[in-house]
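Read through the structure below, which is laid out as structure tokens, and then see the notes.
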Amino acid sequence: MKKQKRILAGVTAAAILCCGGICSDLPWSALRSETVSAAVVTNDFERNYDGWIGSDFDVMLNACAEGAYGEGRGMVVTGRDAVSDGATSDKSFYLSGGVKYDYSVKVSAAADQIFRLLLTYQEGENGASVTVELDVKSVSADCWETLSASYRAPKNACNMQVSIVTDSTDDFCFDAFSVTTEMKENNTVSAAAYEKGLKDAFAGYFKVGNILNSGTVRNGTITDSMLKDYNSIECENEMKPDGTMVQSQSSGTNVAATINGAAAIMDFCVQNNLGLRGHVLVWHSQTPSWFFRQNFDNNGAFVDKSTMDARMESYIKNLFGLIKNQYPDLNLYAYDVVNEAVSDDANRTANYGGAREPGDAKITSGTSAWVSVYGDNSFIEKAFRYARQYAPEGCALYYNDYNEYWDHKRDCIYNMCKDLYSKGLLDGIGMQSHINANYEGFSGMTAYKAALQKYASIGCEIQITELDISIENGTYTLQQQADKYKAVFQAAMDINTGNYPGKVTAVCMWGPNDANTWISTENAPLLYDTNHQPKPAYTTLMDMIPESQWGNGSLVIEPDANGWFYHSTYEGDLDEWQGRGDATVMTSGRTAYDGSEAMLVQNRSEAWHGAYRVLNTAAFKPGEEFSFSANVSYFDGPATDTFYMKLEYTDANGDAQYSSIAEGTCVQGEWLQLANTNYRIPADARNPRIYIETASTTNNFYVDEAIGAVAGTVIPGAGAQKLIIGDVNADGSITAADLSLAKRGYKNGFASSIAKLAADVDQSGVVDTADLELMAQFITCQIDEFPVAERVVDVAAMEKIFSSVSLAESWKKLGENNALYTQRFGADPGFMVYNDRLYVFMTNDAFEYDSNGNMKENSYDVQEINCISSADLVNWTDHGAIPVAGSNGAAKWAFASWAPDACWKNINGKDKFFLYFCNSAGGIGVLTADSPIGPWTDPIGKALVTKQTANCGDVEWLFDPAVFVDDDGSGYLYFGGGIPSGQQADPGTARAVKLGADMTSLDGTPVRMNPPYLFEDSSMLKIGNTYYYSYCTNFQVPAGQAFGGGEICYMTSNNPLGPFTFGGRMFKNPASFGLDKGGNNHHSLVEFKGNYYLLYHARAIENRMGISLNYRSPHIDSASVSNGAITVTGTMNGVSQLETLNPYNKVQAETIYRQAGINVKGVGDTVITDVQAGDWIGVSDAAFTKGASSLTVRVASKNGAAIKVCSGNENGTVIGYVDVAATGGSFTEITVPVNNVTGTQDIYFVFSNELELDWWQFS
């Protein structure tokens, strides 16, 4: 493959600039006399409406096949009441006065029509409006004709708008609208240098935005500035309710919507790859009075709540529907759902939930018709629920307000938004930030930064949405204003680099310049002055970050003719690749896959220290698929090495994430291609970087021909390497030809590293006569597999190594069977029994730390579910942490995964597995798999149960699912919790529902259950013919009851949906058994191998660690069932082992009774990792019925290690050692002799150094 250097097409760049209406500013060179036609506007309506609207609210445009000239889509125009009604589009951004343009459009109608193509422009900024008839033509029925004209408007013409009408009011169609102009063709077209602005300076931190309105979007100076400085746009007024509600088309509870006023701005954003913030859906101000009143009459009485609910839902649904239909390519990345609902009155925030005074803002400023209808602010949650239901994918939902830093108002906003966020309804808080230039005072930086920190602590996003800083008619200087702007930006940056990484996602100004501000011009609150010249505030912001650290906020990147966005050849140029961690990179001529040089990655102190390249999201758009390839090789280290190509990015929660693109095993001295033709970048990825690393070695390596391309592109490369032991010639089979090559290599040396590895059939590390003899035996069918050479162990050397190893201490004492495991925490245990194994699924509690590195209380910010399983209830196999929620999870719509439960069911002859979880307290989700350990996928792409589910709207906490499959195969789901005010004795927040046959849908309406003193935590088990529903009681149980708070009680019924009769207490709080110091109680009642057990969590392990921060571990104890009553006693001893472990099978190393210091890696089939000197694992009651002579382990170690194998305990009798040579992190199988061991023994593996262990097996 020939090297192809990347060439930027100047013609493409020039075309982009022409679309901005500034072709006259292009510096042309080497001009020819020949002219070419350049497209200025091309509207085909295949994706978007391209700024076209009806000329009146009643005129409707619909892009569809019926309106197409040929295939695809065209525009149908209906609802015309006058001949002047038609289709119109503001093209001011594209067209300039004084330039001759050629206009063309295809038109058709069902009846004979006279069509007219019109151009309207304004003579100067304050001049008269002029309409020019570009073309008129009679068109026969059902025929397509072309309206076309060449026209040059005067040089001072601006605000240019194109319209299409007919001489009747009939419907008509149009398609293929275009505007072209002639320009000189040149040999080397070059565009003006790309000018950097605020969006680029702060590209590594957040979007920078501003507003446009129907006037400023026509102003070339302002739109040019927008393209330079901003990558986010907001409509000043055009998307507010009084700009989007249509009274004449509304009836009943259906509220008609329009986005005509915002069409030109939406088109501007789509054409220029700019994000759009929507503003606003629900607001007391700038919402027409008729919306709240009977018969849609401004003077009518207020409607009731149910009518208002329906109208609000209708409006939100219709508005979002229009956006999704007309501008599917619009990056509507955020929307203010509710604006300014919290009062400035401290009395209102203290006593009325912050609700404004009731009234009508159109009559009495500041009052709220929303409160007049609802009586309070309960409409806010409903608005967010409707918005969540109908918003386009990827649109974050915001609450937006002013004076948001005022302490009492701030706290009210915080409490409200924290609740909405916990329910999965709100994504972020908008801080309007209309402040003055006084560094302190009411809107000073102390109060402002305190508000930022408080809102960020919720965990949601923050956007500064309407920033302007007034000098208050000269009270403050422009330098004070500049200092304040800098302080605000710095505060936002500090949030993103401090305790809440990435939480501030945008900082947006409220006005392009001081001549276009909502407050008086003399207050000069913006970055540009009235002549649109940058002020000290602007230059101060641009100077905040060194230019070397700027990014690229908006450059549109097109692939080359091969479909490649970048092609890194390393021929004297690193092409933006950098060292990661301590690694350094340079071009090197020692080797190359193609050409004469490759990139050398060296000075690596950790495996992850490799090489990376920043991906420009203008080309590599999150949520879309791309093709990536790179070739890697190395010379030093182990015979094989594992390489990874991955993506590092920041997710929606501000957390660093690492996603695998490709991986492969490389043979020393050979080239390996890492490639994935259809890798999807996570939709919430920010700051993406592609990087290459090794699995565990730190050797130097080389990279060549790294390419990023359009999805599906097959990129030439070295391909994958496949090593087959014995296949020396790599033809896929082992024959006499391989033996011949092996003999030749043994005598004279091998042609390649991969051939030598293949010839070492006993994997002893050398090719010798034993390998040649084994190959001959294999070829003549004397053996059917190659034995692995048993290694001679230097016992004295091993004893010396371990004489200096101090054993790590376990949190689980010898003889204790609780907690079930200690390498991680695990809470809220749910279960599934399958093939005589008990699978336990748990919330993945994990230590959390503050910015000072101090451990903090569990915040339950959990997106993973732990899975373990056992056949004997003592030795537990750790299947890892299942990624469930967030961008790396199967259910990307969810932000949390708590309190799982699982089941299986045979569907259409195949066993299917189902994992239910809750998205915090905001809904129930379900995942499916073909195995009890995954991989898990989301079958429905949304929550199974939400507050919108029938009879679930009043469930306080929509969480804690329990699933049950009855004898007839019917599935049932139980969930809910929480205590409505004053309903401690009978909360009524539990629900039960039958599941559909597919287990991923509901078969009926959830029924209300009434467990006395319910708190949370559902479980269901059938014993005989009786259904036992159990739950955790709340902490407000009065004295005199037969049970207390935080205890497990049960109810019984002869029907899985009830009614249920209270049975009594099953299990006291773990604190009463001395297991911890108290807290919530969460359980599952289990039947396993003919006995009953209770799974529950307790905090005994964290107590032994000397902390009390709500980190929970799973326990199991026997349940006594007698005469229908169930009782359980909590213990640390747990339950007896049900059966012995077979050491002659391959035992996964992650199958553990006790351990110290280790962790596990992977999901499903895992390995133990994070091993340090003195760490160990052990299993209970291995039955050596045939004795033992050897042990085989599958192990990997970067630098080499040793394993001591003991019986009894970690200090027990030594039965053997394993000497692990350095493998560079690659796994290998090692067989060693062991002392004979008989009977039933606990077996322990003690480690001397870093390693990873996959499995072990005695013979």
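Numbering that gives the first Met the number 0 puts the first residue of the sequence shown at 0, with every later residue one more than the last. Note that CB positions come from ideal geometry on N, CA and C, so glycine has one too. All values derive from a computational prediction rather than experimental measurement.
The beta carbons of Arg72 and Glu45 sit closer together than 7 Å. Take Asp959, set aside five residues on each side of it, and the residues of its chain with a beta-carbon closer than 8 Å to its own are Asp827, Trp897, Ala898, Cys917, Phe974, Gly975, Gly976, Glu1015, Asp1016, Ser1017 and His1081, in chain order. Taking the CA atoms as reference points, Gln248 sits about 6 Å from Ala255. The three-state reading of DSSP puts Phe1183 in strand, counting E and B together. Shown here, Ala719 sits in coil according to DSSP, grouped into three states, outside any helix or strand. With respect to the C-alpha of Lys1088, the residue from Asp835, Ser1000 and Glu403 having the closest C-alpha is Asp835.
Contact between the region 983-1001 and the region 1025-1037 is present, with at least three C-beta pairs closer than 8 Å. In this structure, the alpha-carbon of His608 lies about 47 Å from that of Gly320.
In this structure Ala110 is exposed. Its beta-carbon is surrounded by fewer than 16 other beta-carbon atoms within 10 angstroms. Taking C-beta atoms as the reference points, Phe840 and Ala901 count as a pair closer than 7 Å.
In this structure, Val1194 lies near Leu1252, with their beta-carbon atoms less than 7 Å apart. Leu331 is not a Cβ neighbour of Leu396, given a cutoff of 7 Å. One alpha carbon belongs to Leu116, the other to Glu312, and they sit about 39 Å apart. Take Ser752, set aside five residues on each side of it, and the residues of its chain with a beta-carbon closer than 7 Å to its own are Ala638, Val666, Gln667, Gly668 and Glu669, in chain order.
Counting the other CB atoms within 10 Å of its CB gives Gly251 a total below 16, which places it among the exposed residues. Taken in chain order, the complete beta strand (DSSP E) segments of 3 residues or longer contained in the region 598-646 are 610-613 and 624-632. Comparing C-alpha distances from Arg387 to each of Cys416, Glu808, Val336 and Phe1066 shows the shortest one belongs to Val336.
Cβ-Cβ distances below 7 Å link Trp289 to Gln246, Phe295, Asp296 and Asn297 in the same chain, with the five nearest sequence neighbours on each side left out; the list follows chain order.
Val1170 has no beta-bridge partner at all, per DSSP. Spatial neighbours of Ser371 in its own chain (CB-CB distance under 8 Å, excluding positions within 5 residues in sequence) are listed in chain order as Phe291, Phe301, Pro357, Gly358 and Asp359. Assignment of Arg1098 by DSSP, reduced to helix, strand and coil, places it in the coil class.
With three or more CB-CB distances shorter than 8 Å, the region 432-450 counts as touching the region 474-490.
Bridge partners of Ile322 according to DSSP: none are assigned. When C-alpha distances from Gly97 are compared across Tyr150, Val129, Ala610 and Thr504, the shortest belongs to Tyr150. In this model, Gly1163 and Lys755 are separated by some 34 Å (Cα to Cα). Looking at the DSSP output, Cys459 bridges to nothing. Taking Ala1099 as the centre and dropping the five residues before and after it, the same chain places the C-beta of Leu1074 and Asp1075 closer than 6 Å to its C-beta, in chain order. Taken in chain order, the whole alpha helix (DSSP H) runs of length 4 or more contained in the region 468-542 are 477-496 and 535-541. Counting only residues of its own chain and dropping the five nearest sequence neighbours on each side, Thr476 has a CB closer than 8 Å to the CB of Ala436 and Ile470. Tyr527 counts as buried, since at least 16 other C-beta atoms from the protein chains shown sit within 10 angstroms of its C-beta. Our two residues, Ala81 and Tyr373, have alpha carbons roughly 41 Å apart in a direct line. Between Asp400 and Val341, the gap from beta carbon to beta carbon is short of 7 Å. Taking 7 Å as the cut-off, the beta carbon of Met774 is found closer than this to the beta carbon of Val760. Membership of Thr222 in the alpha helix (DSSP H) is indicated by the continuous run Gly219 to Asp228. Given a length threshold of 4 residues, the region 55-93 has no whole run of the alpha helix (DSSP H) inside it. Annotation for Ser739: the continuous alpha helix (DSSP H) segment containing it runs Ala735 to Asn747.
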